[in-house]
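Colleague:
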Amino acid sequence: MNRERLYWILQILGWGGFAFVIIFLASLSSGISAVQIFPIVVLAMFNLVSTHFLRYIVKTYNWFKLSIPLLLSQSLLAILALSFVYVIAQILVNVVFNTLNPEEDFRILVILATLFQAFLFYVVWFLLYFLFHFLDNYNTSLKYEAKINEIRLNHLKSQLNPHFIFNALNSVRALVDEDPVKAKSAITRISNMLRFSLMMDKKQTIEFAEELNTVKDYLELESIRFEERLQIKYLIEDESYSYKIPPMMLQTIVENAIKHGISNLVKGGLIEIKCREGLNEDLYIQVKNSGHLDQAPSLKSKGDEGHGLSNTVQRLKLIYGDQASFRIFNSGNQFVITEIKIPKQKVKFE
């Protein structure tokens, strides 16, 4: 369920339950009239709005990143201020509904009791909200770590499988006598790719340029294997280098384009990587390859055809939520385009 929707459901159920309990207890003790019910409902609505405003303050000023002492002091001050406002709101509501008893309601002891009651309610709300935030954040981090470990293992399996090594080494062996300089360059590219794979840390994102360099090494190696059958084209806008992207994401898409596109064509084809900045400061990455997509691969598939794409989609969801998007489609009858949209802003957990 969407976190924002869950928040509102809990808010309405929580404060609605608060009003119901007060009405129920009052009806058991001395009975309660319809006129007396309205102030309780209005105060419950006030609590809902006031706590939502407090949440807005917490998120706007990023209280989650404060030190513990500062967080505690600011939270207590905010709760105390909100409790005073609640006491005033209760008096005004009783005046409006003509349920105010000045002799009783203006006694110091009654006001202090109301203030203390409001303070306890807001403390409980605050603790539940922060507990929900930290548990949700922790759960998201755990899911990301589990997924990034799975992606690392799957990628290493793809990069280090005998078929890949066999093709790469055969390509280099053919160059040893024919073009020693090019052979050395190919060996360096293999080394760079393996080093990058092995050293990939548990980072959510890396510099776009770093990922692109790895992709270029991979495509240069594939150029040795496919020779003139593989054409490579880069259309990279300068703004793209200011973005960060999930590691191995572009690499996975390009590998998919080679495996299911170029390698299946007798005459080979084109791999075109296009990156541009959108109007809303989103990064659009397109990988265009020769071929035809008979049907969209199942992103839940565990087979070779959907495995890398499935991990890509799930990783985008974990890191960016609904701010990122993924799609793969045919462009005419000759090309397949895989497109990803990534937001520029830093990931924030609510």
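Residues -6 to 343 in my numbering are what the sequence shown spells out, letter by letter.
Glycine included, C-beta positions come from ideal geometry on N, C-alpha and C.
(1) Is it the case that the region 303 to 322 contacts the region 237 to 245, given that we only count it when at least three CB pairs across the two stretches are under 8 Å?
(2) Does DSSP classify residue 11 as helix, strand or coil?
(3) Taking the alpha carbon of residue 117 as the point to measure from, which residue in 86, 84 and 72 has its own alpha carbon closest?
(4) Since residue 224 is in the alpha helix (DSSP H), which residue starts that stretch and which ends it?
(5) Applying the 10 Å Cβ sphere with the 16-neighbour rule, what's the burial state of residue 8?
(6) Note down, in chain order, each residue of its chain lying with its Cβ closer than 6 Å to the Cβ of residue 61, except the 5 sequence neighbours on either side.
(7) Leaving out the 5 sequence neighbours to the left and right, which residues in its chain are closer than 6 Å to residue 331 when beta-carbon positions are compared?
(8) What's the call for residue 255, buried or exposed, on a 16-neighbour Cβ count within 10 Å?
(9) If you follow the alpha helix (DSSP H) that residue 279 is part of, which residue opens it and which one closes it?
(10) So, does the region 41 to 50 touch the region 96 to 106, judging by three or more C-beta pairs under 8 Å?
(11) With a floor of 4 residues, list each alpha helix (DSSP H) that falls wholly inside the region 15 to 48, ordered by position along the chain.
(12) What span of residues does the beta strand (DSSP E) with residue 336 cover, start to end?
(13) Which residues bound the alpha helix (DSSP H) around residue 323?
(14) Say whether the region 23 to 43 touches the region 68 to 86, bearing in mind that this needs 3 or more beta-carbon pairs closer than 8 Å, one atom from each stretch.
(15) Locate the alpha helix (DSSP H) running through residue 85, then write down its first and last residues.
(16) What's the call for residue 260, buried or exposed, on a 16-neighbour Cβ count within 10 Å?
(17) Which residues bound the alpha helix (DSSP H) around residue 260?
(18) Over what stretch of residues does the alpha helix (DSSP H) that includes residue 244 continue unbroken?
(19) So residue 220 is in the alpha helix (DSSP H); what residue range does that whole segment cover?
(20) Roughly how many whole angstroms lie between the Cα atoms of residue 127 and residue 336?
(21) Between which two residues does the alpha helix (DSSP H) harbouring residue 95 extend?
(22) Can you give me the C-alpha to C-alpha distance between residue -1 and residue 328, rounded to a whole angstrom?
(23) Alpha carbon to alpha carbon, what distance is there between residue 264 and residue 252?
(24) State yes or no: is the C-beta of residue 276 within less than 8 Å of the C-beta of residue 233?
(25) Thinking just about the alpha-carbon of each residue, which of 266, 216 and 15 is nearest to the one in residue 204?
(26) With a CB to CB cut of under 6 Å and the five nearest residues on each side skipped, what residues in its chain are close to residue 137?
(27) Residue 112 and residue 66 look like a contact to me (Cβ under 8 Å); what is the Cβ gap, rounded to whole Å?
(28) For residue 173, count the other beta carbons within 10 Å of its own beta carbon; 16 or more makes it buried, fewer makes it exposed. Which is it?
(29) With 16 other CB atoms within 10 Å as the buried threshold, where does residue 325 fall?
(30) Is it buried or exposed, residue 220, if we count other Cβ atoms within 10 angstroms and call 16 or more buried?
(31) Using DSSP's beta-bridge definition, name the partner residues of residue 270.
(32) Around the C-beta of residue 188, are 16 or more other C-beta atoms found within 10 angstroms, so that it is buried, or is it exposed?
(33) Around the Cβ of residue 52, are there at least 16 other Cβ atoms within 10 angstroms (buried) or fewer (exposed)?
Modeller: Quick look at the numbers:
(1) yes
(2) Against the sequence shown, residue 11 aligns to sequence position 18. DSSP places residue 11 in helix when its eight states are reduced to three.
(3) Translated into the one-based positions of the sequence shown, residue 117 becomes position 124. Among 86, 84 and 72, the Cα nearest to that of residue 117 is on 72.
(4) Numbered from its first residue, the sequence shown carries residue 224 at position 231. No alpha helix (DSSP H) holds residue 224; the beta strand (DSSP E) holding it covers 223 to 229.
(5) Taking the sequence shown and counting its residues from 1, one reaches residue 8 at position 15. Looking at its Cβ environment, which holds 16 or more other Cβ atoms inside 10 Å, residue 8 is buried.
(6) The sequence position of residue 61 within the sequence shown is 68, counting from 1. Within the same chain, residue 61 has no close Cβ partners at all.
(7) By one-based count along the sequence shown, residue 331 stands at place 338. The residues are 246, 280 and 321.
(8) In the sequence shown, the residue the question calls residue 255 occupies position 262. Buried, because 16 or more other Cβ atoms sit within 10 Å of the Cβ of residue 255.
(9) Residue mapping note: residue 279 aligns to position 286 of the sequence shown, counting from 1. Careful: residue 279 lies outside any alpha helix (DSSP H), inside the beta strand (DSSP E) at 275 to 283.
(10) no
(11) none
(12) The residue you call residue 336 lines up with position 343 of the sequence shown. 328 to 336 is the span of the beta strand (DSSP E), which, as asked, contains residue 336.
(13) As a working mapping, residue 323 is identified with position 330 in the sequence shown. It is not in any alpha helix (DSSP H) - residue 323 instead sits in the beta strand (DSSP E) that spans 318 to 324.
(14) yes
(15) On the sequence shown, position 92 is the one that residue 85 refers to. Per DSSP, residue 85 belongs to the alpha helix (DSSP H) from 61 to 89.
(16) Residue 260 sits at position 267 when you count from the first residue of the sequence shown. Per the 10 Å Cβ criterion, exposed.
(17) Here the question's residue 260 lines up with position 267 in the sequence shown. That residue, residue 260, is in no alpha helix (DSSP H); it is neither H nor E in DSSP.
(18) Walking along the sequence shown from the start, residue 244 turns up at place 251. That run of the alpha helix (DSSP H) goes 242 to 253.
(19) Residue numbering aside, residue 220 sits at position 227 when the sequence shown is read from its first letter. Looking at the DSSP string, residue 220 is not in any alpha helix (DSSP H), and its letter there is neither H nor E.
(20) Counted from its first residue, the sequence shown places residue 127 at position 134. Counted from its first residue, the sequence shown places residue 336 at position 343. Cα to Cα, the separation comes out at about 24 Å.
(21) Locating residue 95 in the sequence shown gives position 102, counting from the first residue. Start and end: 95 to 98.
(22) Working through the sequence shown from its first residue, we reach residue -1 at position 6. Working through the sequence shown from its first residue, we reach residue 328 at position 335. The straight-line gap from Cα to Cα measures roughly 42 Å.
(23) Taking the first residue of the sequence shown as 1, we reach residue 252 at position 259. Taking the first residue of the sequence shown as 1, we reach residue 264 at position 271. Cα to Cα, residue 252 sits roughly 12 Å from residue 264.
(24) Indexing the sequence shown from 1 puts residue 276 at position 283. Indexing the sequence shown from 1 puts residue 233 at position 240. Contact flag set, yes.
(25) Along the sequence shown, one-based indexing puts residue 204 at 211. Nearest C-alpha to residue 204: 266.
(26) By 1-based counting over the sequence shown, the position of residue 137 is 144. Excluding sequence neighbours, residue 137 sits near 311.
(27) Counting from 1 along the sequence shown, the entry for residue 112 is found at position 119. Counting from 1 along the sequence shown, the entry for residue 66 is found at position 73. The pair is not a contact, with the Cβ atoms about 15 Å apart (cut-off 8 Å).
(28) Residue numbering aside, residue 173 sits at position 180 when the sequence shown is read from its first letter. Flag for residue 173 reads exposed.
(29) Indexing the sequence shown from 1 puts residue 325 at position 332. Exposed, by the Cβ-count rule.
(30) To locate residue 220, count along the sequence shown from 1; it is residue 227. Result: exposed.
(31) In the sequence shown, counting from the first residue as 1, residue 270 sits at position 277. Answer is 276, bridged to residue 270.
(32) For the purposes of this step, residue 188 is taken as residue 195 along the sequence shown, with counting starting at 1. With fewer than 16 Cβ atoms within 10 Å of its Cβ, residue 188 is classed as exposed.
(33) Here residue 52 refers to the residue found at position 59 when the sequence shown is read from its first residue. Exposed, since its Cβ has fewer than 16 Cβ neighbours within 10 Å.
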